[in-house]
Structure formats: structure tokens, C-alpha cells
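Enquirer: The structure that follows is given in the form of C-alpha cells.
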Amino acid sequence: MLLPKGQYLVKDFIDVTIEDTNTKTSNDLVLVYKDKQTILSHNQLLNLIDTKVNLDMHCVDGWSVLNNEFEGISLGKIINIMGVLNFEYIGLESNGGFKSFIYKDDCTDSFLCLKLNGNVLNKPRGFPIRFIAPKLYAYKWVKYLKKLTFTDKKPYGYWENRGYNARARVDLQERFEKD
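Take the sequence shown: its position 31, counted from the start at 1, is 31 in the UniProt record's numbering, and no numbers get skipped.
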């Protein structure tokens, strides 16, 4: 496979985390749509797995790791569980308080990752849940996911508020807001 412009190949993931990962928190996932809130346990989520794909991950810093098998729950299944009808954004929040968001138009193939290469995610890869958006740079692949909010109002984003592109589409090289 050819790498996207500006990327170079690495053999394994480079761990990038800006939050304290030693905080003891719940492995549950909170789903929010309007005034409805649903909480799913990690075991419930493992029983909902419906997606298994081989993907390449591209970091905005320029490195790429290729052909890893990710397993999880399609965003479509989550939308059905919640009865979501309309939204423009998905707010993402991690156990450590990190926040980002995805535009509705950019999340058609997104999913909640629970397994990597046949094993339950480990902590450096985002246990208990990692949001995967295959067409976007990895800073949109939120690790340690605890909350998804379907909304019409653009949520806060840590990297987006620091000059990174709000869309982050790899094919368009949207690395920084000026791109």
C-alpha cells in the first residue's frame, strides 16, 4: 500500500497520550442523545461486536502503522440503540477528560474499537474503548472512551482548540486549521 503524502512507515504504534491513564475509572460507556442517556458495560459492548476490519493508522505527526485488525461496534449499531434521528456532531470524551468531536459527514465508517489484532485493547492502545474514524488522522481516534454525545452544537475539542484541523481528513491532508 502507498502511504498518504507526508507520512512515513513505523513498525508499531507510537504511544501518544496527553492525559493521566492511571486514574481508576469505570469501563462503562455513556451514550447521550438529547435528553436520553444510556450506559453500556464493557461486557455488554463486547457482546455487541459486529465489525472487524484491517486498517492503517495515520498520525498527524507523520507516522503510519499499517494493516492492523480492529474489532468493535459499528457506529450505525450505536445510533440504532440510541434511536438517534438527527445530529451534526459526535462529542467524544475520555476517562481522563480529553475531548474531541467528529462531524457527522466524517463518521460513516466509524466504530467503537474493543479489540486489536484479536486481543482486548490494552491500556496503551486505549482500553476499554477507542473511537476509530478510519479516514481521519489518529488524534480523532479517541482512546479511553467513556462518553459519546450526539448533538447539533459543535463540541469542545482539545487538539482543535490548539490549531489542529477540526475535520482531520487524511486524504485531504487536513493537519492544521490553516490546511
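The C-beta atom is built at its ideal place from N, Cα and C for all residues, glycine as well.
Can residue 4 and residue 106 be called in contact, C-beta distance under 8 Å?
Expert: On the sequence shown, residue 4 is found 4 positions in, with the first residue counted as 1. On the sequence shown, residue 106 is found 106 positions in, with the first residue counted as 1. For residue 4 and residue 106, no; Cβs fall outside 8 Å.
Enquirer: Starting from residue 45, follow the alpha helix (DSSP H) in both directions and report where the run begins and ends.
Expert: For the purposes of this step, residue 45 is taken as the residue at position 45 of the sequence shown. Here the alpha helix (DSSP H) through residue 45 covers 42-46.
Enquirer: Write down every uninterrupted run of the beta strand (DSSP E) in the UniProt domain "Oxidoreductase molybdopterin-binding" (35-159) whose length is 3 residues or greater and which is fully enclosed by it, in chain order.
Expert: Within the UniProt domain "Oxidoreductase molybdopterin-binding" (35-159), the complete beta strand (DSSP E) runs of at least 3 residues are 36-40, 51-58, 63-74, 89-94, 99-103, 111-116, 130-132 and 145-151.
Enquirer: Taking 7 Å as the cut-off, is the beta-carbon of residue 51 closer than that to any non-hydrogen atom of the ligand SAH?
Expert: In the structure on display, the ligand SAH does not appear, and there are no ligands present to speak of.
Enquirer: Roughly how many angstroms separate the alpha carbons of residue 134 and residue 98, rounded to a whole number?
Expert: The residue given as residue 134 occupies position 134 in the sequence shown. The residue given as residue 98 occupies position 98 in the sequence shown. Approximately 20 Å between the Cα atoms of the pair.
Enquirer: Does the beta-carbon of residue 89 have 16 or more other beta-carbons within 10 angstroms, so that it is buried, or is it exposed?
Expert: By 1-based counting over the sequence shown, the position of residue 89 is 89. By the neighbour-count rule (16 or more Cβ atoms within 10 Å), residue 89 is buried.
Enquirer: Does the Cβ of residue 37 have 16 or more other Cβ atoms within 10 Å, making it buried, or fewer, making it exposed?
Expert: Indexing the sequence shown from 1 puts residue 37 at position 37. So residue 37 ends up on the exposed side.
Enquirer: Looking at C-alpha atoms only, which residue of 87, 71 and 139 is the closest neighbour of residue 157?
Expert: What you label residue 157 is simply residue 157 of the sequence shown in a count that begins at 1. For residue 157, the nearest C-alpha among the options comes from 139.
Enquirer: Could you round the C-beta distance between residue 165 and residue 176 to whole angstroms and report it? I think they count as a contact, below 8 Å.
Expert: Walking along the sequence shown from the start, residue 165 turns up at place 165. Walking along the sequence shown from the start, residue 176 turns up at place 176. The Cβ separation is near 6 Å, so the contact holds.
Enquirer: Select from 39, 27, 169 and 34 the residue whose C-alpha is nearest the C-alpha of residue 85.
Expert: In the sequence shown, counting from the first residue as 1, residue 85 sits at position 85. Per the Cα distances, 34.
Enquirer: Measure from the alpha carbon of residue 96 to the alpha carbon of each residue in 129, 115 and 111, then state which is nearest.
Expert: Position 96 of the sequence shown holds residue 96. Per the Cα distances, 129.
Enquirer: Label residue 7 either buried or exposed according to how many other C-beta atoms from any shown protein chain fall within 10 Å of its C-beta, with 16 as the threshold for buried.
Expert: Numbered from its first residue, the sequence shown carries residue 7 at position 7. Result: buried.
Enquirer: With a CB to CB cut of under 6 Å and the five nearest residues on each side skipped, what residues in its chain are close to residue 125?
Expert: Your numbering for residue 125 matches position 125 in the sequence shown. Closer than 6 Å at Cβ, skipping near neighbours: 116.
Enquirer: Where does residue 162 sit, in a helix, a strand or coil, going by DSSP?
Expert: Counting from one through the sequence shown, the residue named residue 162 turns up at place 162. Correct three-state label for residue 162: helix.
Enquirer: For a quick check, are the C-beta atoms of residue 127 and residue 65 less than 8 Å apart?
Expert: Looking up residue 127 in the sequence shown gives position 127. Looking up residue 65 in the sequence shown gives position 65. No, they are not a contact pair.
Enquirer: On the DSSP letters alone, give me the boundaries of the beta strand (DSSP E) that residue 30 sits inside.
Expert: Along the sequence shown, read from residue 1 onward, the residue named residue 30 stands at position 30. Counting along the chain, the beta strand (DSSP E) containing residue 30 begins and ends at 29-33.
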